[in-house]
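One structure below.
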Amino acid sequence: MEINVASINQSFGKDEQTSQVIVALNGNSTDGSGDYLSSSVNVTSKELPESTSFDDVLDSEIGALARKKLADYAAGAMAIRVSSINRVFNQSGETVNAVVSMVGTASDGSGDYINYRKTITSADLPEGKTFAEMSAGSLKALAKAQLVNDTKVAA
């Protein structure tokens with residue numbers, strides 16, 4: 032899943048200094064599964080390179096900072112919980128896939144959030160495992176690992 036910058040909202044105070052930068056990030060699967068990621072991330076001045084202000088940085092740099100923060104959140108800096116697992120069965124009663132929905136909200140009052148939906152297919156399962164052998168805990172772990180992978184920032 033490719034994560035895109037959907038918008039950058041830069042607010043200014045009376046002194047015309049940036050008071051807040053909110054970056055909306057989103058992504059959608061290209062395989063028709065309906066998987067998606069929706070996120071809002073505040074980029075703060077302390078995340079900027081030293082002796083740099085928001086007046087000095089390009090949108091691409093703000094987007095890169097937001098992507099890094101999103102990756103950090105997915106990797107554990109934000110408590111992300113599974114809100115549902117929907118197992119889909121075929122006519123024979125076998126699980127075809129499991130759709131895992133996850134949500135997270137930053138605890139620092141920033142309003143940052145992640146909303147993620149991932150379809151786990153048999154190709155995503157560990158070698159030799161079937162859905163019949165996968166607990167909810169195993170499916171949650173797979174989906175969380177996929178979130179980390181989907182939000183990973185190239186070094």
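Residue numbers are given in our numbering: position 53 of the sequence shown equals residue 84, and the series is strictly consecutive.
Beta carbons: idealized from backbone N, C-alpha and C, even for Gly.
Kindly indicate which three-state DSSP category Ser-169 falls into: helix, strand or coil?
-> Three-state result, Ser-169: helix.
Where Asn-121 sits in the DSSP three-state scheme | If DSSP states are grouped into helix, strand and coil, Asn-121 belongs with coil.
Tell me whether Gln-177 sits in a helix, a strand or coil according to DSSP, three-state version.
-> Reduced to three states, the DSSP call for Gln-177 is helix.
Determine the direct distance from the alpha carbon of Thr-161 to that of Tyr-147, and round the result to whole angstroms.
-> Rounded to the nearest whole angstrom, the C-alpha separation of Tyr-147 and Thr-161 is 24 Å.
For Val-88 and Asn-73, believed in contact at Cβ under 8 Å, the rounded distance | So it is not a contact: roughly 15 Å between Cβ atoms.
Where Ala-174 falls, given that 16 or more other Cβ within 10 Å makes a residue buried = Around the beta-carbon of Ala-174, 16 or more other beta-carbon atoms lie within 10 Å, marking it buried.
Gln-48: buried (16+ other C-beta within 10 angstroms of its C-beta) or exposed?
-> Counting other Cβ atoms within 10 Å of its Cβ, Gln-48 stays below 16 and is therefore classed as exposed.
Tell me, please, whether the region 127-142 touches the region 85-101 by the rule of three or more beta-carbon pairs shorter than 8 Å.
-> No, the region 127-142 is not in contact with the region 85-101.
How many angstroms separate the CA atom of Ser-115 from the CA atom of Ser-50?
-> Counting only the Cα atoms, Ser-50 lies some 36 Å from Ser-115.
In or out: Arg-98 buried (at least 16 other Cβ within 10 Å) or exposed?
-> Arg-98 is classed as buried because its beta carbon has at least 16 other beta carbons within 10 Å across all chains shown.
Beta strand (DSSP E) containing Leu-68: first to last residue?
-> Per DSSP, the unbroken beta strand (DSSP E) holding Leu-68 starts and ends at 67-74.
Three-state secondary structure assigned by DSSP to Ser-91 = DSSP, read as helix, strand or coil, puts Ser-91 in helix.
Per DSSP, cross-strand counterpart(s) of Phe-43 | According to DSSP, Phe-43 bridges with Thr-49.
Who are Gly-107's beta bridge partners in DSSP?
-> According to DSSP, which records beta bridges pairwise, Gly-107 is partnered with nothing at all.
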